[in-house]
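The next block holds one structure in the form of structure tokens; read it before the comments.
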Amino acid sequence: MDIVTAQEMYEWDRVTIEDVGIDGAILMDSAGRAVADDMASHIEKRDKIVVLIGAGNNGGDGFVIARTLLNRGYDVEAWQVVPDEKIKGDAAKHRSLFLASGYELHSCKEVGEVKPSLEKADVIIDAMLGIGVRGGLREPIADIVQEANAQKARRMSVDLPTGVPADETDEQITAFHADKTTIVAAPKMSAFLEKTSSYYGKWNVVEIGLPSPKLPDPRRQVWTEADVKRTLPRRDRNAHKGSHGKGLIVGGSTVMPGSVAMSARASLRSGAGLITIATVESAIPSIAPFIQEATFVGLGEKEGFACRPAPSSLSDYDGIAFGMGIGRQEPTRSLLSEILQEADTPLLIDADGLYELPLDLMQKREAPTILTPHPGEFAQLTGKSISDVLARPFSLSRTFAQAYGVHLVLKGPSTIITSPDGEQRVDVSGNAGLAKGGSGDVLSGMLVAMIMQHDSMMDALANGCVLHGKTAERLTSDDHSMIDLLASDVVEGLPITFRAFS
Ligand SMILES: NC(=O)C1=CN([C@@H]2O[C@H](COP(=O)(O)OP(=O)(O)OC[C@H]3O[C@@H](n4cnc5c(N)ncnc54)[C@H](O)[C@@H]3O)[C@@H](O)[C@H]2O)[C@@H](O)CC1
Ligand SMILES: [K+]
């Protein structure tokens, strides 16, 4: 499922109307009817419905939705919240069709006129503004949004909640707070951003008749369960342990020994053939009982933290993960520098490994490098603030991944995975149960296993993220709650996930 910016959506409209030749008013009819069909499955004939209609094409969709619902016998009041002369083009045509069909159109210049209807409504449909919003909301829309937000009615938005821009934004917004949004054709970027996603409520996308093969590819998509099922490699019956990769997990310290055990278990549970843990020598006896299937390499240590030299024969491994529980001390920095220069296999760097990462050495590597920061770690890597990262995760990820030639997995409620050439995939699985120590260690282990089994790095990373999140979702809907779920529970929950997906 593609994710678009406003500009990309306008280009899709242009291609459809100008290049392919689908009439704009027909497209608006298809869009409005598709949204009405979707909304109708969430409303009852006895519900009092108010449709709020603005000046642009979002309002045009609103006229079609109101007419369609009235045709079907729903109890609808249509309210135009802008002066007649503002309504132009296809929207004006659908306004005329609405009136010519014999339906009553109310209009208001200020909120007081529509307020009594909002107070009586069971459902408020917001077709005031879509992707064309610019700057803060003007009156009377600003007041109407506030009044609608104060009602107990169910709020439903068309395409996106009025006041929410389609794209990344630094600005504070006032917006319609939808319980449900029916998105036209493709989700907009703002559905995945911390500041704006909550205004959407639950959302889904309706198809409106755009000609898919002709639409420019935004190279940004939601990675769905169906995508995982389609791309997850099948296990060959003749496979042996070497067929699925030999992974190296470098991490841990005397104060944080458990993280590497968790990564290694997650990796093996995700199909890695063999896993070696490289950690401080003195921690091995305490880790080994928790992970009988792994082999160990002892690293030299200074005051409990790992130091050089790097494990020998790095090229024997098909994938390496570095950083979980390793600490931020100087000796571990030198160890990472050595690995960055010597490892000619995919290298994933997580957690403490990301701290003061030598970007110059990383940039010189020829084999793939994968970074898995959360927003705080990414802020430190880019020199931005965490609020900058949360406001512009798509553009900052793309700029960074392209500049340094890395794969970036920016973790969060919507995890954004970016390739060195700027392709992006978004994983929306998972829940607050994953906001715990150890979740990142599990994900890193899973990703190494995925990298070793997939031909495509983007498939590997996106599949690993979705399988991780889906496991948490399943566990919290069955035996666990988001409060008690532990990272180790996620590891033990992997078998059912893999059975469901493969
Ligand atoms: N051809 C069609 O029927 C299609 C319709 N779509 C719908 O059309 C929408 C985009 O249409 P438009 O480009 O007309 O944009 P909008 O419908 O978002 O409206 C733009 C209008 O709102 C006014 N406006 C902008 N900022 C404002 C503010 N801060 N306060 C008050 N008024 C403001 C502008 O004066 C302009 O008239 C989409 O969101 C979608 O709902 C398209 O997505 C798909 C195809
Ligand atoms: K809207």
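Residue numbers for the sequence shown follow full-length UniProt numbering, beginning at 1 and rising by one. Backbone N, C-alpha and C define an ideal beta-carbon position, used for all residues, glycine too.
By the neighbour-count criterion, in which a residue is buried when 16 or more other Cβ atoms sit within 10 angstroms of its Cβ, residue 218 is buried. 8 angstroms or more divides the Cβ of residue 412 from the Cβ of residue 476. With a 10 Å radius around the Cβ and a threshold of 16 neighbouring Cβ atoms, residue 14 comes out exposed. Every residue whose Cβ sits closer than 7 angstroms to any heavy atom of ligand 2 is listed here in chain order: 58, 126, 127, 128, 129, 130, 157, 158, 159, 160, 161, 162, 176. A check of alpha carbon separations from residue 443 across 384, 262, 282 identifies 262 as the nearest. Cβ neighbours of residue 501 within its own chain (closer than 7 angstroms, five residues either side excluded): 228, 229, 232, 467. Counting only residues of its own chain and dropping the five nearest sequence neighbours on each side, residue 169 has no CB closer than 6 angstroms to any other CB. CA-to-CA, the gap between residue 82 and residue 132 works out to about 15 angstroms.
Remark: the shortest separation between the CB of residue 67 and any heavy atom of ligand 1 does not fall under 7 angstroms. Taking 8 angstroms as the upper bound for CB-CB distance, residue 405 and residue 420 are in contact here, some 5 angstroms apart.
Given a length threshold of 4 residues, each whole run of the alpha helix (DSSP H) inside the region 11–65 is given here in chain order: 24–40.
For residue 39, the distance from the CB to the nearest heavy atom of ligand 1 is not below 7 angstroms. In the structure shown, the three-state DSSP call for residue 364 is helix. Taking the Cα of residue 315 as reference, the smallest distance to any Cα among 324, 343, 326, 328 is reached at 343. In this structure, residue 174 keeps its C-beta atom at 8 angstroms or more from the C-beta atom of residue 203.
Shortest gap from the CB of residue 86 to any heavy atom of ligand 1: under 7 angstroms. About 11 angstroms separates the beta carbons of residue 206 and residue 65, which is beyond the 8 angstroms limit, so they are not a contact pair. Between residue 122 and residue 78, the CB-CB gap reaches or exceeds 8 angstroms.
Relative to the Cα of residue 408, the nearest Cα in the group 214, 377, 437 belongs to 377.
C-alpha of residue 176 to C-alpha of residue 162: approximately 5 angstroms in a straight line. CA-to-CA, the gap between residue 188 and residue 76 works out to about 28 angstroms. Considered as a whole, the region 282–352 harbours 295–299, 319–322, 347–349 as its complete beta strand (DSSP E) runs of no fewer than 3 residues, in chain order.
Annotated as distal: residue 71 and residue 130, with beta-carbon spacing of 8 angstroms or more. Secondary structure at residue 423: coil, using DSSP grouped into helix, strand and coil. Put simply, of 499, 324, 450 the residue whose alpha carbon is nearest the alpha carbon of residue 438 is 324. In this chain, the beta strand (DSSP E) harbouring residue 248 covers 246–250. The C-beta distance from residue 101 to residue 67 rounds to 6 angstroms, short enough to meet the 8 angstroms contact threshold. Apart from the 5 residues on each side of it in sequence, residue 418 sits with its Cβ closer than 6 angstroms to the Cβ of 397, 398, 401, 408, 424 in its chain, given in chain order. Secondary structure of residue 429 (DSSP, three-state): coil.
For residue 470, the enclosing alpha helix (DSSP H) starts and ends at 457–477.
The beta-carbon distance between residue 440 and residue 326, rounded to whole angstroms, is 13 angstroms. This is too long to meet the 8 angstroms contact definition. Secondary structure at residue 206: strand, using DSSP grouped into helix, strand and coil.
Ranked by how close their Cα comes to the Cα of residue 471, the residues 458, 490, 463 have 490 in first place.
Contact fails between the region 479–489 and the region 353–367, because fewer than three Cβ pairs, one in each stretch, are under 8 angstroms apart. In the structure shown, residue 156 adopts extended strand secondary structure according to DSSP, grouped into three states.
In this structure, the beta-carbon distance from residue 281 to residue 301 falls below 8 angstroms.
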